[in-house]
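Scroll down for the structure; my scribbles are underneath it.
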Amino acid sequence: MPSLLSADFANLQSAVESVPSSDALHVDVMDSHFVPNLTLGLPVVESLRKATQAMLDIHLMIEDPDRWAPAYAEAGAESVTFHVEAAKAPVRLARELRQQGARAGMALKPATAIEGYADLLPELDMVLIMTVEPGFGGQKFLDMTLPKITRTRKLLDALGGDIWLQIDGGVSVETIERCVEAGADAFVAGSSVFGADDPDAMVRRLRELAVSRLS
Ligand code: DX5
Ligand code: ZN
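So, in structure tokens, the structure goes:
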């Protein structure tokens, strides 16, 4: 999934059109409080919804997602992910998102352990493990997150079902195979896709690398 954070914000329509092979578009919402950066919010997501049929995968890096997240589901985003560090009532929020018809995702910063949230997993459709500190594109992949990906994979396998394990931050041709081996099955890539000469070819290349490791 390409992250639009690394696209030209003055020309989102052409960014969307430049990656037709992607499974979804990852949209990073930042509020300059939960993370030290400010990006875009609901009006832009509403416009994106009108501009594309692609799956919208919203990553909320904001305070008080309990208050703001449901509106993104209402706006027609297929997947809405909140940070568990910011959520006051994550179970209630996940249920609300699902009620609105969206997939519910829970994100963890690099230093947040999964174990305290194991009981929450059945309420979710996706766990997002940040492989950089959230806030900016183009950062170096943090290998220290790999054991957590593996531990999360074990918890998800024990549960059965179809909860996606998404990785976000520093994903590239150099790092994606490590993530697959650790147990991830959904991948966000910003700078490696939009920094490539041919963004769509990079999406296909990353997917091929991941699939070849999965099988
Ligand atoms: C960072 C965002 C990411 C970001 C990834 O806080 O959540 O989605 O766009 O960018 P890269 O792939 O460049 O690390
Ligand atoms: Zn993101």
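For the sequence shown, counting from 1, position 110 maps to 109 in numbering that gives the first Met the number 0; every step adds exactly one.
We put the beta carbon where it would ideally sit given N, CA and C, even for glycine.
Going by DSSP, what residue range makes up the alpha helix (DSSP H) through residue i?
i    : result
D118 : Counting along the chain, D118 falls outside any alpha helix (DSSP H), and DSSP gives it neither H nor E.
Look up residue i in the DSSP assignment and say whether it is helix, strand or coil.
i    : result
L4   : helix
F81  : strand
V192 : helix
D161 : coil
V202 : helix
A76  : coil
Going by the DSSP bridge assignment, what does residue i pair with across the sheet?
i    : result
F135 : Paired residue(s): none; F135 is not in a bridge.
L55  : L24
Where residue i and residue j are concerned, what is the direct C-alpha to C-alpha distance, given to the nearest angstrom?
i    : j    : result
V187 : V26  : 10 Å
K49  : C178 : 33 Å
V210 : R204 : 10 Å
A181 : K147 : 9 Å
D65  : E114 : 22 Å
Q138 : G169 : 6 Å
M54  : R94  : 20 Å
P19  : L123 : 27 Å
L4   : T38  : 8 Å
L145 : G160 : 22 Å
Would you kindly report the start and end of the unbroken beta strand (DSSP E) that includes residue i?
i    : result
L92  : Element bounds for L92: not the beta strand (DSSP E) but the alpha helix (DSSP H), 89-98.
I128 : 125-129
Quick check: does the Cβ of residue i come within less than 8 Å of any heavy atom belonging to the ligand FAD?
i   : result
H25 : Summarising the ligand content, the structure contains the ligand DX5 and the ligand ZN and does not contain the ligand FAD.
Problem - Contact shell at 5 Å, judged by CB to any heavy atom of the ligand ZN, ordered along the chain - result: Spelled out in chain order, the answer is D27, H58, D167.
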